[in-house]
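Below you'll find the structure, written out as structure tokens, and then a few comments.
Numbering (the numbering used here), first residue to last: 1 to 131.
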């Protein structure tokens, strides 16, 4: 496991509909030192974002039931325009990043392909939340 530890505990909102993937990702993120709120759908995530709960980064699957990860990010950026986003998907999403970055140039956006390498995940998170 990577020994990466952020100097300040940052909070991550993880949105993943697969229970096993969500559980394992939470374990990894907590091992890295992040505070994690993990939810299984986009609507629950939007409720949390509306509540004013602290959130330093949104990590979302692209293929969610109901609202997709892309739709979640669009709605989340209406609430928090500078919220960094890390998409995590098992599929290639051509054009997704370019489109989101073009629409929201003020906020950092990146993606990682599942299953992801722990070191690669740590680097992406560090770049997005600035620790």
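Every residue, glycine too, gets a C-beta built ideally from N, C-alpha and C.
Item                                                                                                                                                    : Value
Specify the secondary structure class of residue 107 as computed by DSSP and reduced to three states.                                                   : coil
CA-CA distance, residue 100 and residue 109?                                                                                                            : 8 Å
In chain order, what residues of the same chain lie with their CB nearer than 6 Å to the CB of residue 85, ignoring the 5 residues before and after it? : 58, 73, 109
Along the chain, where does the alpha helix (DSSP H) containing residue 85 start, and where does it finish?                                             : Here residue 85 belongs to no alpha helix (DSSP H); instead the beta strand (DSSP E) covers 85 to 89.
So what does DSSP say about residue 61, is it helix, strand or coil?                                                                                    : strand
What residues match up with residue 20 in a beta bridge as DSSP calls it?                                                                               : BP columns for residue 20 are empty, so no partner.
For residue 48 versus residue 14, is the C-beta spacing smaller than 8 Å?                                                                               : no
Between residue 107 and residue 39, what straight-line distance do the alpha-carbon atoms span, to the nearest angstrom?                                : 22 Å
Could you give the distance in angstroms between the alpha-carbon of residue 115 and the alpha-carbon of residue 89?                                    : 8 Å
How many Å lie between residue 32 and residue 122 at the Cα?                                                                                            : 7 Å
What does DSSP give as the partner residues of residue 38 in its beta bridges?                                                                          : 14
Can you give me the C-alpha to C-alpha distance between residue 36 and residue 69, rounded to a whole angstrom?                                         : 18 Å
Compare the Cα-Cα distances from residue 80 to each of 94, 55, 117, 66 and report the closest residue.                                                  : 55
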